[in-house]
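In this note's numbering, the protein residues as written are 6 to 738. Note that CB positions come from ideal geometry on N, CA and C, so glycine has one too. Some notes on the structure that comes next.
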Amino acid sequence: MYKYAGIIVNNASIQLDKPFTYRLPVSMYGKIDIGYRVKVPFGMGNKKIDGFIVELYDEYKGTGRIKEIAEVCEEFPLFTERDLILIREMREKYLCTYLDCIKVFIPTGVFKGMKNKRESLVYCGNMPEGKFSKEIYKNIYKIVKNNEGIFTKSGLSREFNLSLSSINTMIKNQILLVQDKVINRYNERIYAQYLPKNLNKEQQAAVTRVLSSKKRTFLLHGVTGSGKTEIYMHLVSEMINQDKEAIILVPEIALTPQMVERFKGRFGKDISVFHSKLSDGERYDEWLRIKMGKVKVAIGARSAVFLPFNNLGLIVIDEEHEGSYKSDSNPKYHAREIGELKCSISGCKLVLGSATPSMETYYRSRKDEIELITLTNRADNAELPEVEIVDMREELLNNNKSIFSKKLQEAIEDRLKKKEQIILFLNRRGFSTFVSCRKCGYVFKCNNCDISLTYHSEGKKLMCHYCGEKQAVPNKCTKCGSKYVKYFGVGTEKIEQEIKNYFPSARTLRMDFDTTRGKNSYEQIYNTFRDEKADILIGTQMVAKGLDFKNVTLVGVIAADLSLNLPDFRSAERTFQLITQVSGRAGRGEKKGVVVVQTYNPENFSIRYAASNDYESFYTEEIELRENMEYPPFSDILLINMSSKNENLLIKSIQNVGIFLKNRLEENDKINMLGPCPCEISKIKELYRWQIIFKGKIDKEFGENIRKTVYELLKDVYNDIRVSIDVNPNSLL
Ligand code: ADP
Ligand code: ZN
Ligand code: ZN
6 MYKYAGIIVN NASIQLDKPF TYRLPVSMYG KIDIGYRVKV PFGMGNKKID GFIVELYDEY
66 KGTGRIKEIA EVCEEFPLFT ERDLILIREM REKYLCTYLD CIKVFIPTGV FKGMKNKRES
126 LVYCGNMPEG KFSKEIYKNI YKIVKNNEGI FTKSGLSREF NLSLSSINTM IKNQILLVQD
186 KVINRYNERI YAQYLPKNLN KEQQAAVTRV LSSKKRTFLL HGVTGSGKTE IYMHLVSEMI
246 NQDKEAIILV PEIALTPQMV ERFKGRFGKD ISVFHSKLSD GERYDEWLRI KMGKVKVAIG
306 ARSAVFLPFN NLGLIVIDEE HEGSYKSDSN PKYHAREIGE LKCSISGCKL VLGSATPSME
366 TYYRSRKDEI ELITLTNRAD NAELPEVEIV DMREELLNNN KSIFSKKLQE AIEDRLKKKE
426 QIILFLNRRG FSTFVSCRKC GYVFKCNNCD ISLTYHSEGK KLMCHYCGEK QAVPNKCTKC
486 GSKYVKYFGV GTEKIEQEIK NYFPSARTLR MDFDTTRGKN SYEQIYNTFR DEKADILIGT
546 QMVAKGLDFK NVTLVGVIAA DLSLNLPDFR SAERTFQLIT QVSGRAGRGE KKGVVVVQTY
606 NPENFSIRYA ASNDYESFYT EEIELRENME YPPFSDILLI NMSSKNENLL IKSIQNVGIF
666 LKNRLEENDK INMLGPCPCE ISKIKELYRW QIIFKGKIDK EFGENIRKTV YELLKDVYND
726 IRVSIDVNPN SLL
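What follows is the structure, given as structure tokens:
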């Protein structure tokens, strides 16, 4: 019988990152287990705080006095022993605390004391003769009879204009009864049925291989429109047949109504949907439904990989190359890595799907660590679109100063005439992307960040895209006072305006961060475009994936170079992915699609290979660069990022850390250290930013060493300096 427990307390301090021993009161013997949340007295004042059980033992061999657990919070554990294996693994891999890792398994609602939501609903009892024969009572009884278990007392009174005191009298005499019922906060909307399609040969072969192969991890590399979603759904059905469960991960942006429509339409109430716009209550209820085994399938963004299924058979990660699968707060996990760990712990399968796999994943499939399944054709025999590259330097030479090339203008005009639809893609929101003084060259920057401000025509404000700060539009230069302040650079707002200038009768829609903030705004834009109530959809990377509209026959990429010019080793890969993905929106029906890619770097290899839809060649060229430069997948990167309002203290501290680590690394020729130096974006939200980068074979031991050293060296300035350690970060900016 376990009498003691090792408990992780809910306190974020690094010093407390270890299990503390507590005694179980006799009343809890045999009643609690790993993963239970409890209240424990902690610290000098014995304040009661939350704790999580991670160890249980019969005997206590230490000497100190031991405190007792005060109470158990839920009647069930919040995580399992298998989860605990993952928690320990993550803590080492991502250099963070137990608490960081525990928290990803638990919906925030738990910490707010959220429970099932219950309401007292009214039902009918027996209607006696005599005393209650008055019309008013009969009327109430009749109404309740027709609406049993739907309304509360006050709800009835409000909805049907009934006297509350009469209702109360009837309840007192048991003519009406009240009963508590659990209310679901999740969305029970019914979706149109989405019937299974007969798989084509390639799709069928893919399904068979996943189900029969001994390998655990698969890369489903299929061109855009090859019907990957249908494959996922067939695999999920197979899991349900085997009485197993499945998780489908999609990047947040791809949680389009379309994906949800398809899955809800196929699996109905068997599936839970998780997206960032759920309330804490909705999230909690869905989580509990899964935990109680009432749902077999979940579809959601990154964190859905931690959902508490008990008998998981399959994890699918759609668009596996997407950056949003990597968390940028602790634990800084990658959903792909968690998926693999989960699969090895519980023996399920992992399917990674993409038209443009990440370099890391494709490299591993080449080394046969992952089984590669390739789909070369579009599912419904549609042809891949034809891509034309337009050199914008030549447009200038031909005196075209517009943001649209002649080719794109003509193509737009043609589609408008034919009543076909158009998608225009530009990965930058706002109107003008920087504002500067013609006379002295001053660029207007945010007061809190080292970022130039973007002009937004809606609201007529300058806005910082990092901290959200807004400034009034300047009428003169802050530095020299000159009145020649000019607006440069093009964002989605400007494209929309230009379209209105050139094609006044075209009906446009804009889909970017600014137009999709409301709870249903994304869906509204989507529906309008699907119903062909708009001709042109203009947007940021939100339009690049997931959309499957048969009437779209033209895609315009306004500036393919944008992502190319970022000082980041992934910029070629990102450019290739974006262009391929957005091009893939065209020609999904019977009519052939055309893509016009505008660029100032027409000879760049990522643009050229995206245009010829040649992933293999892109991969071959890029992997060689990675090898020469020793970038992932040939090495790992460990990024130490430090930030502070106090710039001097920051520089002094990071240089200290730098010198110490440099000395330590002297005899290690497998790891290179770069920096300390200021980050590319040297200030965000009033915090100055510096970094140190390690490149090489980063194992757990090295990571743990770095973590210990950094926290030790910084312990006196810990209140003034923020540290982040990230293994294989998304970006080095
Ligand atoms: P991907 O995710 O690979 O880009 P989708 O899953 O969106 O592709 O599929 C593209 C289109 O092909 C969709 O409209 C889908 O309904 C259709 N489709 C998929 N599988 C089949 C099939 N076996 N037969 C006919 N049409 C299919
Ligand atoms: Zn000036
Ligand atoms: Zn800012």
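So for residue i, helix, strand or coil by DSSP?
| i | result |
| --- | --- |
| M364 | helix |
| A309 | helix |
| G544 | strand |
| I180 | coil |
| N677 | strand |
| E60 | strand |
| F430 | strand |
| L200 | coil |
| S277 | strand |
| Y65 | coil |
| H461 | strand |
| A477 | strand |
| T381 | coil |
| S370 | helix |
| G589 | coil |
| S329 | helix |
| A251 | strand |
| F581 | helix |
| S242 | helix |
| I350 | helix |
| C106 | helix |
| A303 | strand |
| L401 | helix |
| E79 | coil |
| I726 | coil |
Hey, quick one: how far does the alpha helix (DSSP H) through residue i stretch, first residue to last?
| i | result |
| --- | --- |
| A616 | 610 to 616 |
| P46 | Segment 42 to 47 is the beta strand (DSSP E) holding P46; no alpha helix (DSSP H) there. |
| T438 | It is not in any alpha helix (DSSP H) - T438 carries neither H nor E in the DSSP assignment. |
| P262 | 262 to 272 |
| N633 | 620 to 634 |
| Q660 | 652 to 670 |
| N710 | 705 to 718 |
| F165 | 158 to 165 |
Spell out whether any CB of chain D is found under 8 Å from the CB atom of residue i.
| i | result |
| --- | --- |
| E291 | No chain D appears in this structure, which consists of one protein chain only. |
Closest to residue i by C-alpha separation, out of the options, would be which residue?
| i | options | result |
| --- | --- | --- |
| E324 | E97, I19, R307 | R307 |
| E498 | N525, M468, F436, D519 | F436 |
| K299 | R341, A251, L346, A340 | A251 |
| C469 | I236, S217, K690 | K690 |
| I686 | T26, S648, L666, M244 | S648 |
| S242 | I276, S231, H226, L254 | I276 |
| I543 | S407, T558, I500 | I500 |
| D674 | L181, G701, V43, K206 | G701 |
| L317 | S138, M244, T157 | M244 |
Starting from residue i, trace the beta strand (DSSP E) in both directions and tell me its first and last residue.
| i | result |
| --- | --- |
| A565 | That residue, A565, is in no beta strand (DSSP E); it is neither H nor E in DSSP. |
| F223 | 222 to 227 |
| Q4 | This structure leaves residue 4 out entirely; the chain is present only between 6 and 738. |
| L644 | 641 to 649 |
| K117 | Premise fails: K117 is in no beta strand (DSSP E) and is neither H nor E. |
| F699 | 692 to 701 |
Is residue i close to ligand 4? I mean its beta-carbon at under 7 Å from any heavy atom of the ligand.
| i | result |
| --- | --- |
| Q20 | Absence of ligand 4 from the depicted structure is noted, with ligand 1, ligand 2 and ligand 3 being the only ligands included. |
Decide if the stretch 332 to 352 is in contact with the stretch 263 to 278; the criterion is three or more beta carbon pairs, one per stretch, under 8 Å apart.
-> no
Segment contact flag, the stretch 307 to 324 with the stretch 285 to 298, C-beta cutoff 8 Å, min 3 pairs = yes
Is it a yes or a no for the stretch 324 to 340 touching the stretch 355 to 375, going by three-plus beta-carbon pairs under 8 Å?
-> yes
Could you tell me whether the stretch 580 to 597 touches the stretch 633 to 653, using the rule of 3 or more Cβ pairs below 8 Å?
-> no
Please determine if the stretch 389 to 397 and the stretch 602 to 615 are in contact, where contact requires at least 3 C-beta pairs separated by less than 8 Å.
-> yes
Under 6 Å, CB to nearest heavy atom of ligand 2: contacting residues | C442, K444, C445, Y447, C482, K484, C485, S487
Please confirm if the stretch 695 to 709 is in contact with the stretch 467 to 479, defined as three or more CB-CB distances below 8 Å between the two stretches.
-> no
Inter-stretch contact (C-beta, 8 Å, three-pair minimum) for the stretch 540 to 557 and the stretch 716 to 723 = no
Whose CB is closer than 6 Å to a heavy atom of ligand 3? List the residues in chain order.
-> C451, N453, C454, I456, C469, Y471, C472, E474
Taking contact to mean at least 3 C-beta pairs separated by less than 8 Å, is the stretch 513 to 522 in contact with the stretch 398 to 413?
-> no
Taking a cut-off of 7 Å, which residues have a beta-carbon closer than that to any heavy atom of ligand 1, in chain order?
-> K202, N203, L204, N205, Q208, G227, T229, G230, S231, G232, K233, T234, E235, A360, R383, A384, D385, D553, G589, R593
Decide yes or no for the touch test of the stretch 208 to 215 against the stretch 161 to 173: beta carbon pairs closer than 8 Å, at least 3 of them.
-> no
Quick one: any contact between the stretch 213 to 223 and the stretch 194 to 202, if contact means 3 or more CB pairs under 8 Å?
-> no
Report yes or no: do the stretch 530 to 549 and the stretch 443 to 460 share at least 3 C-beta pairs separated by less than 8 Å?
-> no
The stretch 132 to 152 in contact with the stretch 41 to 58 per 3-pair CB rule at 8 Å | no
The stretch 418 to 432 in contact with the stretch 575 to 595 per 3-pair CB rule at 8 Å | yes
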